[in-house]
Amino acid sequence: MAERSQYLLALYIAEHRESTPVSSGTVADLLGKSTATTTETFQRLADDGLVEYERYEGARLTDEGRERAAELHETYVALSWFFRTVLDLDGYETEARRLASSVSADVSDQLVSTFLVAEAEREGEDE
Numbered sequence: 001m002a003e004r005s006q007y008l009l010a011l012y013i014a015e016h017r018e019s020t021p022v023s024s025g026t027v028a029d030l031l032g033k034s035t036a037t038t039t040e041t042f043q044r045l046a047d048d049g050l051v052e053y054e055r056y057e058g059a060r061l062t063d064e065g066r067e068r069a070a071e072l073h074e075t076y077v078a079l080s081w082f083f084r085t086v087l088d089l090d091g092y093e094t095e096a097r098r099l100a101s102s103v104s105a106d107v108s109d110q111l112v113s114t115f116l117v118a119e120a121e122r123e124g125e126d127e
């Protein structure tokens, strides 16, 4: 499911950028995958009840898919921030998207808490 999670996350991001349904090509471009692979994955996600897929139209998240993707997005944002700010990685978004489904919500929450404390301490030093 880790591979499919990247598609859920990419679809979630794409739905916030444009109208739905989102084409397979749009998500394929975000992930650097082929349109055929993306279409096949959308069909599998539809079988799992996470997306509604319409051939030649595209996909949209179901309520269950949106809920799962929103959780992934929270982790993705935390990892992106860490990879960009702390590790100074160039491909931070790609790395965060790949790892978002592998990191538990507890670890993600702890990362966010750590960031907030570090930011507060840094701001306190600047005063």
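Just so it is clear: in the sequence shown, position 67 is 67 by the UniProt record's numbering, and no numbers are missing. All residues carry an ideal CB built from backbone N, CA and C; glycine is no exception. For clarity, every value in this text was computed on a predicted model and none was experimentally measured.
If you measure between the beta carbons of T35 and A28, is that distance less than 8 Å?
yes
Which listed residue (F82, E95, A70) has its alpha carbon closest to that of T114:
F82
Between L45, S101, G65, which lies nearest to V77 when the distance is taken from Cα to Cα?
S101
Might you give, ordered along the chain, the residues of its own chain that have their beta carbon closer than 7 Å to the beta carbon of A96, omitting 5 neighbours on each side?
Y76, L79, S80, F83
Check whether the segment 106 to 125 and the segment 37 to 44 are in contact - that is, three or more C-beta pairs closer than 8 Å.
no
For V51, name the three-state secondary structure that DSSP assigns.
Strand.
For R66, the first and last residue of its enclosing alpha helix (DSSP H):
63 to 81
Expressed to the nearest angstrom, what Euclidean distance is found between the alpha-carbon atoms of residue 156 and E64?
Only positions 1 to 127 of the chain appear in this structure, which leaves residue 156 out of reach.
Where R68 and A120 are concerned, what is the direct C-alpha to C-alpha distance, given to the nearest angstrom?
Answer to the nearest angstrom: the Cα atoms are 30 Å apart.
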